[in-house]
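>
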Amino acid sequence: MKRWQAAEFGEVEQVLRLEEVPVPTPGPGEALVRVLAASLALPDLMMLRGEYPLVPAPPVTPGQEVVGIVEQAADGFPYAPGTQIVGGALTGGLAEYTLVPGWSAMPVMDGLSIQQAVGFVGSFHVAHIGLHHRAHLRAGEVLLVVGGAGRTGSAAIQVGKALGATVIATARTQSKARFCEEQGADLVVDLADPTTAAAIAELTGGRGVDVVYDTVGGDAYTQATTVLARSGARVLIVGFASGTPARPDGQDLLSRDYAVIGTLSSFRNDAERTDTLEALAAMVATGQIDPPVNAVHAFADVPEALARRAADASGQTVVTLTQPARAQASA
Numbered sequence: 001m002k003r004w005q006a007a008e009f010g011e012v013e014q015v016l017r018l019e020e021v022p023v024p025t026p027g028p029g030e031a032l033v034r035v036l037a038a039s040l041a042l043p044d045l046m047m048l049r050g051e052y053p054l055v056p057a058p059p060v061t062p063g064q065e066v067v068g069i070v071e072q073a074a075d076g077f078p079y080a081p082g083t084q085i086v087g088g089a090l091t092g093g094l095a096e097y098t099l100v101p102g103w104s105a106m107p108v109m110d111g112l113s114i115q116q117a118v119g120f121v122g123s124f125h126v127a128h129i130g131l132h133h134r135a136h137l138r139a140g141e142v143l144l145v146v147g148g149a150g151r152t153g154s155a156a157i158q159v160g161k162a163l164g165a166t167v168i169a170t171a172r173t174q175s176k177a178r179f180c181e182e183q184g185a186d187l188v189v190d191l192a193d194p195t196t197a198a199a200i201a202e203l204t205g206g207r208g209v210d211v212v213y214d215t216v217g218g219d220a221y222t223q224a225t226t227v228l229a230r231s232g233a234r235v236l237i238v239g240f241a242s243g244t245p246a247r248p249d250g251q252d253l254l255s256r257d258y259a260v261i262g263t264l265s266s267f268r269n270d271a272e273r274t275d276t277l278e279a280l281a282a283m284v285a286t287g288q289i290d291p292p293v294n295a296v297h298a299f300a301d302v303p304e305a306l307a308r309r310a311a312d313a314s315g316q317t318v319v320t321l322t323q324p325a326r327a328q329a330s331a
């Protein structure tokens, strides 16, 4: 089968190659999936550059999430061959076939196109887990989304609005600010602008924000904590698009009485999973959330797609595949 991969870390144009590799064999609880579409996001670029802690060494195949057809299901995988699913790609999604673990797999949700569904787990699931299950965001509270134009940030804007919050988003350019407004943000600010604190104070009646959803890290995290409401605010650390992780200040945490919570896409128990899936399905059905797809690329154009993703991180970037005949897993 064909798979895009890099044998060493570096910039996409220099290291990513289309290779012929064996079709992988699913282990217990896994399935071999024929890929229909794969998502591209900032972590893919970070993986290729050696900046992503979950990928310590090459080879690297980008594409963390796929929509595809189950070709071969090992014992313990919850869906039968022929089922169209969305799930995490264990061997990389930018390939004709990949392995998907059962814990991450689920049927494509009604009301979503393949292009919308392929990034749904890594964006809208994370947003609902973080905002509802971790931060317990309540209707009427104020949410600040740091990095609102990105895939995970735009999902947080939509989910935050669906949960009844007033949403402030951060953006560094006019085009990204417009995109955040299109997702439903009530106010868009630049954290580096000296007038931002006053604008947030005016919107919140001087109280500050109740929840921060930080996808950027670095200085943006530090700037965001300066506009928190005192006593009881919550900060969700979701990513570090800046390349620098957030570094919480213990003295500030103590003196202003707020919580910092790390947030991933994993559910703590079956009840959380059921609640999130049912809540998001209802939000899709009622039009409260509508995943934005910024660009769709062909499988042959992956290096160009990643380069464009680096230049514009707004919304969802998708790679679609033209599928070959059915394959057999390698021995």
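Read in order, the letters of the sequence shown correspond to residues 1 to 331 in full-length UniProt numbering. Every residue gets a Cβ at the ideal spot worked out from N, C-alpha and C, and that includes glycine. Here the structure is a predicted model, which means the values were calculated and not measured.
1. To the nearest angstrom, how far is the alpha carbon of P291 from that of F120?
2. May I have the straight-line CA-CA distance separating D249 from A7, to the nearest angstrom?
3. Would you give the residue range spanned by the beta strand (DSSP E) that residue 333 belongs to?
4. What are the boundary residues of the beta strand (DSSP E) that D214 is part of?
5. Could you tell me how far apart the beta carbons of F77 and G10 are, in whole angstroms, since I believe they sit closer than 8 Å?
6. Using DSSP bridges, identify the partner residues of Q64.
7. Mind the definition here: the segment 152 to 167 touches the segment 118 to 135 only if three or more C-beta pairs lie below 8 Å; say whether that holds.
8. Going by the CB atoms, is the gap between M1 and Y79 shorter than 9 Å?
9. Could you compute how far the alpha carbon of R3 sits from the alpha carbon of S242?
10. So, helix, strand or coil for E71, using DSSP?
11. How would you write the range of the beta strand (DSSP E) that I85 sits in, first residue to last?
12. Could you tell me how far apart the beta carbons of L112 and L99 are, in whole angstroms, since I believe they sit closer than 8 Å?
13. When you compare only the Cα positions, how much space is there between L137 and V23?
14. Kindly confirm or deny that the segment 56 to 67 and the segment 27 to 47 touch, where touching means at least three C-beta pairs closer than 8 Å.
15. If V318 and V293 are in contact, beta carbons under 8 Å, what's the gap, nearest whole angstrom?
16. Could you tell me the boundaries of the beta strand (DSSP E) in which L101 lies?
17. Which residue from A224, M106 and L94 puts its Cα closest to that of G148?
18. What are the start and end residues of the beta strand (DSSP E) that includes G148?
19. Go ahead and pull the three-state DSSP assignment for L163.
20. Between G93 and D75, what straight-line distance do the alpha-carbon atoms span, to the nearest angstrom?
21. Quick one: using the 10 Å Cβ neighbour count with 16 as the cut-off for buried, is A155 buried or exposed?
22. Note down, one range per segment and in chain order, each alpha helix (DSSP H) of at least 4 residues found wholly within the segment 281 to 315.
23. Let me confirm a value: P81 is counted as buried when at least 16 other C-beta atoms fall within 10 Å, else exposed. Which label applies?
24. Helix or strand or just coil, what does DSSP make of T226?
25. So which of L264, K176, D275 and A37 has the shortest CA-CA distance to I114?
26. Taking 9 Å as the cut-off, decide whether the C-beta atoms of M109 and V284 are in contact.
27. Might you give, ordered along the chain, the residues of its own chain that have their beta carbon closer than 7 Å to the beta carbon of R178, omitting 5 neighbours on each side?
28. Spatial neighbours of V35 within its chain, please: CB distance less than 7 Å, with the 5 preceding and 5 following residues excluded, ordered by chain position.
29. Could you tell me if L163 is buried or exposed, where buried requires 16 or more neighbouring beta carbons within 10 angstroms of its beta carbon?
30. Going by the CB atoms, is the gap between A233 and A259 shorter than 9 Å?
Answer, in terms of the structure:
1. Those two C-alpha atoms are separated by around 8 Å.
2. 38 Å
3. With the chain covering 1 to 331 only, the question about residue 333 has no answer from this structure.
4. V211 to D214 is the extent of the beta strand (DSSP E) around D214.
5. About 35 Å; that fails the 8 Å criterion.
6. Looking at the DSSP assignment, Q64 forms no beta bridge with any residue, so it has no partner.
7. yes
8. no
9. 28 Å
10. strand
11. Q84 to G88
12. Not confirmed; about 23 Å, so no contact.
13. C-alpha separation (whole angstroms): 44 Å.
14. yes
15. 6 Å
16. Going by the sequence as given, residue 101 is Pro instead of Leu. Unbroken beta strand (DSSP E) run through P101: Y97 to P101.
17. A224
18. Run containing G148: none; DSSP gives neither H nor E here.
19. coil
20. 22 Å
21. buried
22. 302 to 311
23. exposed
24. coil
25. The alpha carbon of I114 has as its nearest neighbour, out of L264, K176, D275 and A37, the alpha carbon of A37.
26. yes
27. none
28. V66, G68, G93, A95, E96, Y97, T98 and L321
29. buried
30. yes
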